[in-house]
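Down below is the structure, laid out as structure tokens.
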Amino acid sequence: MKEWKQPAWFWWAIGIFSLSEIGFYPLFSFLGHSPKDILNASLIIGFLLYPIFTICILLFLDKSTRKDVDTLFYLAFPLVINIPFWLVFPNIIN
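Here is the structure:
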């Protein structure tokens with residue numbers, strides 16, 4: 001079995017960010033916001049909060065762990081969750 005280089009807080013941070021992101025959209029919809037508002041919120045999360053989150057995580061990791069493929073893959077996971085919302089963006093602009 002593979003031994004992970006990442007500390008435990010790394011996995012907690014990825015999990016909490018991903019779950020809060022997944023839980024945010026149904027809550028936002030339940031509160032009565034339009035799909036355009038939800039799309040705008042997902043763009044804010046994707047282009048503003050996610051880079052800040054990623055930079056903070058990378059600053060606190062060891063140098064050897066920063067360059068690990070697994071680290072980069074799991075840091076990209078919250079961004080991949082937003083892709084379905086970005087695919088709607090061209091339809092709303094038109």
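Going by UniProt numbering, the first residue of the sequence shown is number 1, and it counts up by one from there.
Using N, Cα and C, we set each Cβ at its ideal position, and we do this for glycine too.
Using a Cβ-Cβ cutoff of less than 7 Å, which residues in the same chain neighbour L79 once the five nearest sequence positions on both sides are dropped?
Non-local C-beta neighbours of L79 in its own chain, meaning closer than 7 Å and more than five positions away in sequence, comprise G46, Y50, ordered along the chain.
Answer with buried or exposed for S34, where buried requires no fewer than 16 other C-beta atoms within 10 angstroms of its C-beta.
S34 is classed as exposed because its beta carbon has fewer than 16 other beta carbons within 10 Å across all chains shown.
Give a yes or no on whether the C-beta atoms belonging to T54 and L75 are separated by under 9 Å.
In this structure, L75 lies closer than 9 Å to T54 by Cβ.
Segment limits, alpha helix (DSSP H) that includes K67:
Counting along the chain, K67 falls outside any alpha helix (DSSP H), and DSSP gives it neither H nor E.
Presumed contact (8 Å Cβ cut-off) between I22 and I83, rounded CB distance
Not confirmed; about 13 Å, so no contact.
Taking 8 Å as the limit between beta carbons, can you name the residues of its chain near D70, skipping five residues before and five after?
Excluding positions up to five away in sequence, the list reads W4, K5, Q6.
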